[in-house]
Amino acid sequence: MTGIRLTAPAPGWSIDADVVVVGSGVAGLTTALRCAAAGLATVVVTKARLEAGSTRWAQGGIAAALGEGDTPEQHLDDTLVAGAGLCDEAAVRALVTDGPDAVRRLMETGARFDTAEDGSVALTREGGHHRRRIIHAGGDATGAEVSRALVEAVREAALHTVENALVLDLLTDAEGHTAGVTLHVMGEGQHDGVGAVNAPAVVLATGGMGQVFSATTNPSVSTGDGVALALRAGAEVSDLEFVQFHPTVLFLGAGSEGQQPLVSEAVRGEGAHLVDASGTRFMLGQHELAELAPRDIVAKGITRQMQLKGTDHMYLDGRHFGAEMWEQRFPTILAACRSHGIDPVTEPIPIAPAAHYASGGVRTDLRGRTTVPGLYACGEAACTGVQGANRLASNSLLEGLVFAERIAADIVATRPRAGGAVEADRGHVPLLAPETRTAIQRVMSRGAGVLRSGESLAAADEALDELHRGAGHPTGTAEAKPAVPGVEAWEATNLLLVSRVLVAAARRREETRGCHWREDRPERDDANWRRHLGVRLGPDGGLVLRRTDTEAFGPVDAPGAADCAATSTTHPTPEEP
């Protein structure tokens, strides 16, 4: 355990529970419902409203072998290919085998999916899939329907929920076992300010960290809070260098920042073409699946074509769909495009890649357990081994469902117990000023975006280290003061930590693999780099890197999972002055 925590007031209130789930997307709410159904006192903590996480933004759907002639084995094969040699096959097999029944249980919970004329579930196809196996809802509003069904189920079950709450740090007992979390509740509600949920099982389902980049499909709440908490708690994170850039994000102009509208892969699955300004389909001949190649390949193809043509965007042409198909199959995307003055019925859609999904995260085993006893992780915050170096389209919601059920089953079976939380502080992380968030995003977009090199990553590393060293100290005029504890400062501090880890891993991985594209190391190097990179915080707050011996993770409680060999340490975290 590091004993390192965010600078924050001491908790002024507390709740006791058997399990606390942090996050209200498909992973978090599924875990909570299963734990509560088994009689465990369950508390759900979420950063905004229950329905405000990343799940509701998912357009495409959920991949599962539900169609005639499709099998889990075929789904496994497509996932392994997309993962570029770094998937954990046991984890993928669990995903594709458990997946169909997990989807059926989601339907039993109340989720309503689109149907074909014969009444069966309608299936579409997306990039990297050789079969039509994607179920969807509302045409292109699958995430919104999944979120609606789960939120209604949580409210019907009267689960204890704490909304508008930013999780801060993990509590542990004298033996280093999880004992709960500290959190800060914003605004109105039953609780306010910093408090604690005391529980021997904590499930991190906090979503992604897309806000480390200037342009992303992620909502503003996706600031890597769960991964940062896990790091400060001493957990190992893995493969953070593999950030998937979605190939087709609505291009809003050079310099656009913040959350950008997604143009689902399902649009290409239904037959839309990627073209340049002259109307040429440039993905033909680059991959056997052309526009439906895995996302990393399509994103690279678009980026190469932009470089070749000297422009900052390409186009997605679905004019041949006609108005009726756009209105019925893709109403959300149609409305988003039209709100920005683009009509896909009559003109190609300008698109460019943007940060979309973190394939890495807090390392877990097949039961969602991390390297810290009693701490679990699920969904985009976790690295289960399913996604490898590049996530297969529409596997994310399925992963959330399947591993949420596995986590709940483990908690119910083991009934974790912990002693009272103890203070084990060796230092507090000095906070960054809220305005630092923009500086981090611009550094990351320049140096660690879809195109990377040793030079760009070194520059990003240096810039992030400068921000890190300056944290907690007055800057600028004589009137400037150190950042005070608060949501924006905590978010900026979390963003800096996960950015430092991402860049450190990307610098260390000297090859191109999946969605990690090194211009100066353009080839995949299986002999040296078909390996995972684990990162943790050392006792002094420095980053400690571990490369696995094979593509297998190994058990989370193995010697080396916490005590890494062959490490390198960067600048330590300074103690608060």
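Quick note on our numbering: the sequence shown kicks off at 12 and runs consecutively. We put the beta carbon where it would ideally sit given N, CA and C, even for glycine. From a predicted model like this one, the values you see are computed outputs, not experimental measurements.
Residue environment analysis places Val495 among the exposed positions, since fewer than 16 neighbouring C-beta atoms fall within 10 angstroms of its C-beta.
Annotation: Lys320 to Ala310 spans about 15 angstroms, alpha carbon to alpha carbon. If you draw a straight line from the Cα of Met455 to the Cα of Ala226, it comes to about 10 angstroms.
Cα atoms of Val512 and Asp376: separation of roughly 21 angstroms, rounded to the nearest angstrom. Going by beta carbons, Gln271 and Val260 fall inside the 8 angstroms limit.
Taking the Cα of Thr126 as reference, the smallest distance to any Cα among Ile146, Gly138, Val107 and Glu119 is reached at Ile146. Beta-bridge partners of Phe256 (DSSP): Ala366. Two segments are said to touch when three or more pairs of C-beta atoms, one from each, lie closer than 8 angstroms; by this definition the stretch 201-209 does not touch the stretch 405-422. Listed in chain order, the alpha helix (DSSP H) runs fully inside the stretch 193-255 are 236-243, counting runs of at least 4 residues.
For Arg16, the enclosing beta strand (DSSP E) covers residues Ile15 to Leu17. Going by beta carbons, Leu17 and Val213 fall outside the 8 angstroms limit.
Exposed is the label assigned to Leu295, since fewer than 16 other Cβ atoms lie within 10 Å of its Cβ.
In this structure, the alpha-carbon of Ala169 lies about 29 angstroms from that of Ala241. When secondary structure is reduced to three states using DSSP, Pro361 falls in the strand class. By the C-beta density criterion, Asp307 is buried, having at least 16 other C-beta atoms within 10 angstroms. By DSSP's assignment, Arg159 forms no beta bridge with any residue. Closest by C-alpha distance to Ala28, out of Val92, Val173 and Glu79, is Val173. For Met325, the uninterrupted beta strand (DSSP E) segment begins and ends at Met325 to Asp328. Look at the stretch 391-437 and you find these whole runs of alpha helix (DSSP H), each 4 residues long or longer: 407-425. Exclusion of the five residues before and after Leu468 leaves Gly458, Ala459, Val514, Ala517 and Arg518 as the residues of its chain whose Cβ lies within less than 8 angstroms of its Cβ.
Residue Thr314 holds the alpha-carbon nearest to the alpha-carbon of Val286 among Gly269, Glu299 and Thr314. In the DSSP secondary-structure assignment, Ala388 is bridged to Leu215. Burial of Trp501 is indicated by the presence of at least 16 other C-beta atoms within 10 angstroms of its C-beta.
By the neighbour-count definition (other C-beta atoms within 10 Å, threshold 16), Glu410 is a buried residue.
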